[in-house]
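Q: Numbering of the sequence shown is given in the numbering used here, commencing with residue 12 and proceeding in unit increments.
By construction, the Cβ of each residue, glycine as well, lies at the ideal position given by its N, Cα and C atoms.
The structure displayed is predicted, hence computed values, not measured ones.
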Amino acid sequence: MSALGQALAIAKKDLRIEVRGRHVAGTILPFAGTLLIAFGLSLGPGRSLLRQTAPGLLWLAVLFASVLAFRQAYQAEGEDGAFESLILAPIDKASVFLGKAAAVVVELLALEAVVVGLVVVLFDLPVGHAPVVLAGAFVLGTIGLAVVGSLFGALAEMPRTREAIFPLLVLPLCTPVLVAGVKATELATTGPAGQAGSWLGLLLAFDVVVTGVGSLLFVYLVED
12 MSALGQALAI
22 AKKDLRIEVR
32 GRHVAGTILP
42 FAGTLLIAFG
52 LSLGPGRSLL
62 RQTAPGLLWL
72 AVLFASVLAF
82 RQAYQAEGED
92 GAFESLILAP
102 IDKASVFLGK
112 AAAVVVELLA
122 LEAVVVGLVV
132 VLFDLPVGHA
142 PVVLAGAFVL
152 GTIGLAVVGS
162 LFGALAEMPR
172 TREAIFPLLV
182 LPLCTPVLVA
192 GVKATELATT
202 GPAGQAGSWL
212 GLLLAFDVVV
222 TGVGSLLFVY
232 LVED
């Protein structure tokens, strides 16, 4: 089986686990929804203020929910030693990394579709202004988040690594995605969407760099 086939097989396996366990639907989605409602209540009833802050609050909810998804991607296998067995299997180690990242991308995009719907209802965000740009921002941003999270999710399962440091490692590295995602979302919803190209380019460049570097680091971590 090719490296791509191995990655797809691992992604399918993780998605089957998610469908059975419903971790995203049962835990992460309610968390993201509660976070958005709390933000909305704290800002008051002013529709103008809610609309202005919606892109930032949307991406914050996605970021915090993503951290939970990253840990779940490895935690179930780490508890029964399945992750170690997967690493010892005669397959391309980078395929494990890319497969898990791909599964997280699918899970997060499904989550984001629901979260965006909540934001439209709660914050009156006009998502129909430039839907292609908005979709591009979420797809590119989600890929970046998933790659970073998959790398450090594996690190958190390593011996001598404390789970408590996981958010401290992930959140700073996700800052470029957060900033570019918020800016692109603002332009795609309320601003001149044509100016979002530079922010989408930044997200794409981030994805390419972290995917390449992350694959190499993952192989080094699991073989060390």
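So the candidates are 221, 140, 194, 28; which of them puts its Cα closest to the Cα of residue 200?
A: That would be 140, whose Cα lies nearest to the Cα of residue 200.
Q: Relative to the C-alpha of residue 187, which candidate in 152, 27, 53, 224 has its C-alpha closest?
A: Here the closest residue by C-alpha is 152.
Q: Do the stretch 64-82 and the stretch 115-128 meet, that is, are 3 or more Cβ pairs less than 8 Å apart?
A: At 8 Å Cβ cutoff, the stretches touch.
Q: On a CA-only basis, which of 156, 68, 106, 103 is nearest residue 134? Give me that one, please.
A: Of the listed residues, the one whose Cα sits closest to residue 134 is 68.
Q: Are the CB atoms of residue 96 and residue 14 nearer to each other than 7 Å?
A: Contact flag unset, no.
Q: Kindly list the residues whose CB is nearer than 8 Å to the CB of residue 117, restricted to its own chain and excluding five residues on each side of it in sequence; keep chain order.
A: Once the five neighbours on either side are set aside, the close Cβ partners of residue 117 are 22, 26.
Q: Terminal residues of the continuous alpha helix (DSSP H) containing residue 25?
A: From DSSP, the alpha helix (DSSP H) with residue 25 extends over 14-32.
Q: Could you give the residue range of the alpha helix (DSSP H) that holds residue 137?
A: Neither: residue 137 is in no alpha helix (DSSP H) and is coded neither H nor E.
Q: Which value, in whole angstroms, describes the spacing of the CA atoms of residue 100 and residue 226?
A: Rounded to the nearest angstrom, the two C-alpha atoms are 17 Å apart.
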